[in-house]
Structures are given as structure tokens and as C-alpha cells.
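Residue numbers (the numbering used here): 5 to 155.
Ideal Cβ placement from N, Cα and C applies to all residues, glycine included.
None of these values were measured; they are calculated from a predicted model.
Worksheet: one structure, shown below.
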């Protein structure tokens, strides 16, 4: 990647999503290699629209585009989504989004956060390297991970 492109990524911002972001969020959601969902636009907007309306959907964007998004549920303490466009992976965007979700849950009184991931995935390795620990294996085969937010 040319140096100027890396600089643009460094100047990106993590912010709450707005309705105009939904089309790009959908594009990211359907383009990732792991945890690939096949839901249609209507199912997607029902879920993402509710997250957006509740103020719990964030995006990482620069002057060109949204490159990643994340959502967390303040009731269950679960991180529902952390997705980064394949062309922007490996630059710390996912980690920044994950930290935002954890901070959000901590401020809402959660002592730990939960998330689901696929076994053997790159995402699982990243989460485990960040201190997430296996709490259960779901009937679907997904791994439920937990991270303590307070010592």
C-alpha cells in the first residue's frame, strides 16, 4: 500500500454510525471471508437499523469510506459484530472497534463481555491473543468467548 494510503487510514475516525453508512456496512458484512452471512438487505437492515437507532453501532471511516463496523448489546453484554473490510484488515481497525465495544459495555455496568466466533478462524486467534477465553461451545459449533473488563 502506498505511504499516502496508510496515512489516510491513520487519520480515520471511530464514530457512531449514521443511516447513510448502512449500505457500506452491508457491503462489508457480506464481503468478509469468515463469519460470512447470506442474509438479504431487509433482514440486515432490521438488525443493523435497530442497533443504529439504539446508538450501539459504530464505524471506522476515513475520508474515502467506512472500513469496518461493530455493535454491542448493553443488555446481554454481548459483542454482536466486529467486521473489517478485507482490503483494510491488519491495520488495527478491528482492535479499535473491539475496544470501543468493550468500553461501551463496561460503562453500562458489565464486568465481562461475550462474543461468538468460528473455531480455527483468524478472528478466534485475534480474540485469544487479546485475552478472550473460551466459555462454551454452542450447539452450532461456534465458540463463545468471554473477556473480563475489570480486574
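For residue 140, the closest C-alpha among the options 121, 19, 129 is that of 121. A residue is called buried when at least 16 other Cβ atoms come within 10 angstroms of its Cβ; residue 137 does not meet this threshold and is exposed. Listed in chain order, the non-local C-beta contacts of residue 103 below 7 Å within the same chain number zero, local neighbours out to five positions each way being set aside. According to the DSSP assignment, residue 77 belongs to the beta strand (DSSP E) that extends over 70 to 77. Per DSSP, the continuous alpha helix (DSSP H) segment holding residue 45 begins and ends at 45 to 57. The alpha-carbon of residue 84 is positioned some 7 Å away from that of residue 74.
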